[in-house]
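In what follows, a structure is listed as structure tokens, so that the remarks can point back to it.
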Amino acid sequence: MEFSWVKIDDKEEKVRYFLQNHGVSGRLFKQVTGQGKILINGQLAASTGVRLHQNDRVTISLPPEKRMQQVIASTRSLKVIYADDNWLVVDKPAGLSSIPGPTNQSDTLLNRVQGWLIRQNSLTTVPHIVTRLDRFTSGLVLVARHHFAHSLIARQLDDHSLDKRYYAIVAGQLDTAHGLFTQPIGRRGTEIRRRVLVDGKKAKTEYWQRKQLARATLVEVKLYTGRTHQIRVHFAAQGHPLLGDELYAGPLDLGITRQALHAYQLGFYDPFTQQRLQFNSPLPADMQVVIDQQ
């Protein structure tokens, strides 16, 4: 795989710093210099200390990515919202696991992505799921089509510039139109359920009320961290569990029996095209029914 950038400014700088400023991590940089190649205007760079000038084209050539394990390709349907050489944005239905596990090795989102790639004749691509969703959460998922894209997007996950927005329907009426939860989240032992714990990991969730229902509230939620079950835990800790969320004692008699949570918006900066991309997914039918009936 080859990726190129053109130096636009007239400030002289070493090629190693130029690549670092374009998101090439230290770990990936070692891979490039150890097994790959760095080319400047089509010529092999003598060292990473070579100085660049305005309009120089820098190309990195990476070795083929090795698969950690063979993923079984599924022929089941996959709703692709966006696709290019580096990214896939897909709309995951509720009930579909994101990645294979002990009880399901053949039909998860990753299996369906692998099947879709094969149908596109992309036989050497190794997909990486960037924004994983719980099995019963629906909505947008970002998939990196190779390790280099996955490495570049990691910085946006760390600095929270990758914008993830959700719609959730929570039990009861909220006291404020806008709020911010910052309680740390963790778990005791190996239990599946997560909790607000003093010694848990830092977590940050922001919300806005969007519609008050008779016995519930539709909220828009923005995640700044990615703790397991984060939205579900934070609202349950406030006495407002998500409708249909049996694990966190959410009501099961209001028209939905899976957690009423949908990843409706995804935005990120594409380091390859140097453009901001944003995608939206409509509210799924089961959540819309709850809103219409209350």
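The sequence shown maps to residues 1080 to 1373 in our numbering. Glycine included, C-beta positions come from ideal geometry on N, C-alpha and C.
- Judged by DSSP secondary structure, Thr1138 falls within the beta strand (DSSP E) whose first and last residues are Arg1136 to Ser1140.
- With contact defined as three or more Cβ pairs closer than 8 Å, the segment 1195-1210 and the segment 1354-1363 are not in contact.
- Counting along the chain, the unbroken alpha helix (DSSP H) around His1229 starts and ends at His1226 to Asp1237.
- Take the alpha-carbon of Val1129 and the one of Ser1104: they are about 18 Å apart.
- Ala1162 and Asp1324 have their C-alpha atoms spaced approximately 32 Å apart.
- By the neighbour-count criterion, in which a residue is buried when 16 or more other Cβ atoms sit within 10 angstroms of its Cβ, Gly1329 is buried.
- Arg1306 counts as buried, since at least 16 other C-beta atoms from the protein chains shown sit within 10 angstroms of its C-beta.
- Taking the CA atoms as reference points, Gly1174 sits about 41 Å from Trp1084.
- The beta carbon of Gln1262 lies closer than 7 Å to those of Val1275, Ala1282, His1313 and Ala1316 in the same chain, with the five residues before and after it left out.
- Between the C-alpha atoms of Thr1187 and Ile1178 there is a straight-line separation of about 6 Å.
- Assigned with DSSP and collapsed to three states, Ile1335 falls in coil, not helix or strand.
- Excluding the 5 residues flanking it on each side, Leu1189 has same chain C-beta neighbours closer than 8 Å at Val1150, Ser1177, Ile1178, Pro1179, Pro1206 and Ile1208, in chain order.
- In the DSSP assignment, Thr1112 falls within the alpha helix (DSSP H) that extends over Gly1105 to Gln1114.
- In the displayed model, Glu1325 falls within a helix according to three-state DSSP.
- For His1257, the CB contacts under 6 Å within the same chain, skipping 5 residues up- and downstream, are Trp1287 in chain order.
- Rounded to the nearest whole angstrom, the CA to CA distance from Ile1119 to Ser1140 is 11 Å.
- A distance below 8 Å between beta-carbons, with the five flanking residues on each side excluded, links Asp1254 to no residue of its chain.
- As summarised for the segment 1249-1317, the continuous beta strand (DSSP E) elements at least 3 residues long and confined to that stretch are 1257-1260, 1284-1291 and 1295-1302, given in chain order.
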